[in-house]
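Line by line, the protein sequences give chains A and B. Position one of the first sequence corresponds to residue 11 (this note's numbering), numbered consecutively onward. Position one of the second sequence corresponds to residue 403 (this note's numbering), numbered consecutively onward. Note that beta-carbon positions come from the ideal geometry of N, C-alpha and C, so glycine has one too.
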Amino acid sequence: MLKRDPIFWWATGIFALALLLMAVTQNQLWLVLMIGSYLLRPTLASLGVARRYVDERQMSIQYRSGNIAFATMIITCIVLAIKLNADGNPSWEMFNVAIIAGLATKALFNVILVKNYREAATKIIIAAGLLITLFTSMDSMEGGPSLGTLINVSPGLAIVGLGLLSKKFPREIGGIILVITAVLVLIIFSKGLTIYQVATALLVAVPLVTAAACLFTRDKSEPEIEPKEPT
Amino acid sequence: MKTHLRKYRFERGELSQQQLADMVNVSRQTIVSIERGDYSPSVKLALLLAKKLETTVEELFALEDKDYA
């Protein structure tokens, strides 16, 4: 039986809009909007919105099927990327972006949803720093290791260091991370404004800004209290 | 996990699965799954069910030997 709550009507509206836009523009691409109507309820519930419209058993089924679907999509992306690469088509990197975006989002929410925000921030900054170090070293190692390589990887290593320091000076490091993020985004866009640059900027900026925001929040985690010895 | 939800549902005014589902704001299918033992409810839902059926969680649900394995 269909539950006629506000989410049902929003989903129906999105579905009807997809059909209407396709009819008006004669472009079948609008039909992808229908996916939005299908995913609206589980997405809102996963984000903690409109929980009263969600059945807990259905959500537990959604979480399990979502994880299986995620793994399937990653495998499909890998297969398609390999196929395009073998054909000499450079657009295989688009699938790489999709894979990294999916994995980064999953990893980001895995630490944030624990709700120990400052601890999450430290993990995010260190992981982001290590990934930046990895990618910059891969880019600059083509002619063998050199002083240039060391200079190129130093921002990533500096971010790792800031991640370690964020445990002791959360707010100060939060501010520094925001400044560094702005500089990194400017450097990325100085190389051009292609889809790859936008994707790279998002992959760098979203986790770091999220981590900085986490560092400014009050940590909810409490120290473990040992039970007193009976007297 | 063993459940006595069905028994208490009938003892408390012969409630239908849909009526009980509406009282605790879940779908009828969730009540069906709990009664069949296919789904273990959250602590919150278990407490809500117990409250609506005027009993305790321990009366509604019990662990079986295989649950300890």
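- K93 (chain A) sits in a helix when the DSSP states are folded into three classes.
- Nearest to L160 (chain A) by C-alpha distance, out of A:L174, A:L144 and A:N120, is A:L144.
- In its chain, beyond the 5 residues on either side, A448, L449 and A452 have a beta carbon closer than 7 Å to the beta carbon of V459 (chain B).
- Where V59 (chain A) is concerned, there is no enclosing alpha helix (DSSP H), because DSSP gives it neither an H nor an E.
- In terms of Cα proximity to L50 (chain A), the closest of A:R67, A:I24 and A:R74 is A:I24.
- Boundaries of the alpha helix (DSSP H) around L450 (chain B): V445 to K454.
- Non-local beta-carbon contacts of A114 (chain A) in its own chain, meaning distances under 7 Å to residues more than five positions away in sequence, involve L213 and P217 in chain order.
- Contacts with chain B (Cβ-Cβ distance below 7 Å) from the segment 65 to 78 of chain A involve D65, E66, R67 and Q68, listed in chain order.
- Chain A places a beta carbon closer than 7 Å to that of V428 (chain B), counting this residue as a contact.
- With a cut-off of 8 Å on Cβ pairs, the segment 171 to 190 of chain A is not in contact with the segment 60 to 72 of chain A, counting fewer than three such pairs.
- In chain order, Q207, T210, A211 and V214 place their CB closer than 8 Å to the CB of I198 (chain A), counting only its own chain and leaving out the 5 sequence neighbours on each side.
- With contacts defined as CB atoms closer than 7 Å, A222 (chain A) and L188 (chain A) qualify as a contacting pair.
- Distance between M44 (chain A) and A28 (chain A), taken at the CA atoms: about 6 Å.
- The beta-carbon of T405 (chain B) is placed no less than 7 Å from the nearest beta-carbon of chain A.
- Assignment of T146 (chain A) by DSSP, reduced to helix, strand and coil, places it in the helix class.
- Chain-ordered, the chain B residues with CB closer than 9 Å to the CB of R62 (chain A) read N427.
- In this structure, A:K116 is the residue among A:K116, A:E239, A:D97 and A:I88 with its C-alpha nearest to the C-alpha of G76 (chain A).
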